[in-house]
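Mapped onto this note's numbering, the consecutive letters of the sequence shown carry residue numbers 1 to 525.
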Amino acid sequence: MDAALESFSTFLPSDHVEVNDDLVEEYVHTEHLSGMLVMDADGHMAAHYDIDGRDPLMLWREELACSSVASMYRGSKVSYSTVVERRDVDFAVSVVPYGDGVALGYRSLALEPADDYSYTIADVLVNNTFHQSPTVLVMRDMQIVSSNDSNVDLTLSRLLADSGIDWKDEGLTRIEYRGSTWYAVRAAYEDYRLFALYPKSEVMSGRISFIAAGVLVCLAFWIVVLLARNIADRRNLAEKDKQLGIINAISSIYESTFLLHLDTLEIEGINMSPSVAKIFAEHAEVYDFLTTACRDIVSPESREAVMELIDISTLQNRMEGMPYLDAEVRDCRGTWYSLQVVPQRRDEQGRLESVVVATHNISMTKRAEELSFQDKLTGLRNRNYLESLGDDLVNESLPVSVIMMDCNFLKRTNDLYGHEMGDELLRRTASVLKRAAGEKFVPMRVGGDEFLLICPHTDRESACKVVQDLRLSLAAASDEVLTVSASFGVATAETPGCSLTEMYHIADHNMYQEKRKVHAREADC
Numbered sequence: 001m002d003a004a005l006e007s008f009s010t011f012l013p014s015d016h017v018e019v020n021d022d023l024v025e026e027y028v029h030t031e032h033l034s035g036m037l038v039m040d041a042d043g044h045m046a047a048h049y050d051i052d053g054r055d056p057l058m059l060w061r062e063e064l065a066c067s068s069v070a071s072m073y074r075g076s077k078v079s080y081s082t083v084v085e086r087r088d089v090d091f092a093v094s095v096v097p098y099g100d101g102v103a104l105g106y107r108s109l110a111l112e113p114a115d116d117y118s119y120t121i122a123d124v125l126v127n128n129t130f131h132q133s134p135t136v137l138v139m140r141d142m143q144i145v146s147s148n149d150s151n152v153d154l155t156l157s158r159l160l161a162d163s164g165i166d167w168k169d170e171g172l173t174r175i176e177y178r179g180s181t182w183y184a185v186r187a188a189y190e191d192y193r194l195f196a197l198y199p200k201s202e203v204m205s206g207r208i209s210f211i212a213a214g215v216l217v218c219l220a221f222w223i224v225v226l227l228a229r230n231i232a233d234r235r236n237l238a239e240k241d242k243q244l245g246i247i248n249a250i251s252s253i254y255e256s257t258f259l260l261h262l263d264t265l266e267i268e269g270i271n272m273s274p275s276v277a278k279i280f281a282e283h284a285e286v287y288d289f290l291t292t293a294c295r296d297i298v299s300p301e302s303r304e305a306v307m308e309l310i311d312i313s314t315l316q317n318r319m320e321g322m323p324y325l326d327a328e329v330r331d332c333r334g335t336w337y338s339l340q341v342v343p344q345r346r347d348e349q350g351r352l353e354s355v356v357v358a359t360h361n362i363s364m365t366k367r368a369e370e371l372s373f374q375d376k377l378t379g380l381r382n383r384n385y386l387e388s389l390g391d392d393l394v395n396e397s398l399p400v401s402v403i404m405m406d407c408n409f410l411k412r413t414n415d416l417y418g419h420e421m422g423d424e425l426l427r428r429t430a431s432v433l434k435r436a437a438g439e440k441f442v443p444m445r446v447g448g449d450e451f452l453l454i455c456p457h458t459d460r461e462s463a464c465k466v467v468q469d470l471r472l473s474l475a476a477a478s479d480e481v482l483t484v485s486a487s488f489g490v491a492t493a494e495t496p497g498c499s500l501t502e503m504y505h506i507a508d509h510n511m512y513q514e515k516r517k518v519h520a521r522e523a524d525c
């Protein structure tokens, strides 16, 4: 539970994310929770969702008022967990600091635990039975050869080598380390011992006894592949860091993974998806395989990025000094993946001989990112999206114009007809702006009644023509109740050196100059 809640911050792509009920609902279903609520710094509920429609604020008012939660508002980073009964049902409840407030998640313990043998390898790796990668250690006698956790020490190696531990060869073994409970699996390869450790919070409640062979087999197989290539025999720190990168990459990515040998120009499959494996079976030659996989699996708009990332002729130079290379791409079905290339082996002169190529499904993260960049009322991009844009947009699209637009009469509409009609006024304004933008321009709602249109390759004269057309279109959207109009401000960059922020402020200033004239006319009436 704690880990599920702590991962909520990583589920959201940036600090600019506006937490809302839709995001919380998506997260509850993703993490198989019963519900969740997020409280802001003032103790007010910012967002919530309960799968049975209960009021979480009423359900957990006692837990939210306890001293442990109160300390989180004062800066404590210590999470709080308990098991309580509500309405004749036992719930596991966890509260963790989130932003300036807290996030509380809960899961019903009334459900019957799944049958031990219903967990397949695919269940374990794809359906997030464990939410995070394990702490992985490769040991030889008492020596830690490699690990993906920089905090492991001799104490842990001694503990794992302790003959007094009653290891369960077909499941998870409980151990105590760092004052916490962990569950571990182990495997052996020649003189090496492989250990994978999960904190107690990562093992789902009531399911500790399930068969862990899926995790064990996959991890053991991957490490065997690495050890077979004599990676574990590297003695200096630089070589150990390279191995650490490999274990990190492979233990956290569970879609397609293969070795690309640059010295022999061969592909070696490790964990290929069915579609990739089918192509590999028919196109084993390296260039044929990469080209065919890119053509048949990758969406057209992502193919150039993929071919550039895995370009063998330039890979050696591009990997110099880099822990990995990556690109975000989509497949032909629209699923988002992170494609990563990680150094695997170098020769005695330090030249790269092979790399690990791996894919990781990031659709959930991209969905959260999309929601964070979208204004819920109008469907346009929002201020978060504006702040995410860099100045390259300006310098690469000269001349660039920015049109600032402030919706007139919104306050009057709210006062006379209510906020529903005010929202309708904003939606009509957004609809006009979206039609005017077409495919060339980028429309946004950046404030309560403020809109923005970014116009690449548009000089000032053309931008002023766009403003004239917008005035006419807004007037056409008016009726006997709603007057749809706006005040405008324009800023144009003709030469490099002007930032998007500067253009925004200039357009905003020009828009308010016009806005004051509108208010002056209203006062004269």
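All C-beta atoms, glycine included, are put in the ideal place defined by N, C-alpha and C.
Through-space distance from residue j to residue i, alpha-carbon basis
i, j, result
"M182", "T359", "Rather than Met, the amino acid found at residue 182 in this sequence is Trp. Each residue's Cα considered, the two are about 28 angstroms apart."
"T135", "A196", "6 angstroms"
"L577", "Y27", "Outside the displayed range of the chain (1 to 525) lies residue 577, so it cannot be described from this structure."
"A491", "R412", "28 angstroms"
"E353", "S388", "37 angstroms"
"N20", "A46", "7 angstroms"
"F258", "V286", "12 angstroms"
"V38", "H29", "16 angstroms"
"E308", "D288", "15 angstroms"
"D100", "E268", "48 angstroms"
"R61", "E18", "24 angstroms"
"E514", "T335", "45 angstroms"
"L160", "Y49", "42 angstroms"
"S157", "R345", "26 angstroms"
"D263", "R295", "25 angstroms"
"A212", "R174", "For A212, the pLDDT reaches just 39, beneath the cut-off of 50, and the residue's location in the model is therefore unreliable, although a value from the coordinates is still provided. Answer to the nearest angstrom: the Cα atoms are 13 angstroms apart."
"D423", "L416", "13 angstroms"
"G350", "Y177", "38 angstroms"
"A184", "M139", "14 angstroms"
"S67", "A41", "16 angstroms"
"V124", "R318", "Here the model assigns V124 a pLDDT of 32, short of 50, so the residue's position is not dependable and the matter cannot be decided."
"M72", "Y98", "9 angstroms"
"K465", "T458", "10 angstroms"
"L500", "C455", "12 angstroms"
"I165", "R186", "12 angstroms"
"A463", "N408", "20 angstroms"
"K366", "E480", "42 angstroms"
"P199", "T155", "17 angstroms"
"Y512", "M503", "14 angstroms"
"N271", "L57", "45 angstroms"
For residue j and residue i, believed in contact at Cβ under 8 angstroms, the rounded distance
i, j, result
"R383", "V446", "5 angstroms"
"I362", "S401", "Contact doesn't hold; Cβ gap of about 34 angstroms is too wide."
"V145", "Y192", "7 angstroms"
"L398", "E494", "7 angstroms"
"Y80", "V69", "6 angstroms"
"A436", "S473", "7 angstroms"
Given residue i as reference, the closest of the options once Cα atoms are compared
i, options, result
"F91", "M421, L109 and Y198", "L109"
"Q316", "H48, V341 and D375", "V341"
"D392", "D162, G179, F488 and C498", "C498"
"S94", "A103, D88, R86 and G390", "A103"
"L380", "R346, M421, K434 and G418", "K434"
"P323", "M58, T314, I310 and P343", "P343"
"G43", "I51, E63, D52 and R54", "E63"
"L482", "D459, I310, T314 and L410", "L410"
"P274", "I297, M36 and P496", "I297"
"T82", "R107, L500 and M58", "R107"
"R86", "I310, G75, R54 and A65", "R54"
Cβ shell of residue i (< 6 angstroms), same chain only, five flanking positions each side left out
i, result
"C332", "S299"
"D141", "none"
"S302", "V329 and R330"
"A122", "Note that A122 scores 32 on pLDDT, short of 50, meaning its location in the model is unreliable and no value can be drawn from it."
Beta-carbon proximity list for residue i, same chain, < 7 angstroms, skipping 5 on both sides
i, result
"L371", "D22 and L23"
"A305", "A327 and V329"
"V467", "I403, F488 and V490"
"I506", "A491"
"M444", "L380, R381, N382, Y385, L386, F451 and L452"
"I51", "V28, S34 and G35"
"M283", "For clarity, residue 283 is His in the given sequence; the question names Met instead. Correct list, in chain order: F289 and T292."
Other residues of its chain near residue i: CB distance less than 8 angstroms, five sequence neighbours each side excluded
i, result
"A554", "Outside the displayed span of the chain (1 to 525) sits residue 554, for which this structure offers no information."
"V355", "L259, L260, L262, L315, M319, V341, V342, P343 and Q344"
Inset, instruction - Decide if the stretch 389-405 is in contact with the stretch 446-466; the criterion is three or more beta carbon pairs, one per stretch, under 8 angstroms apart. - result: yes
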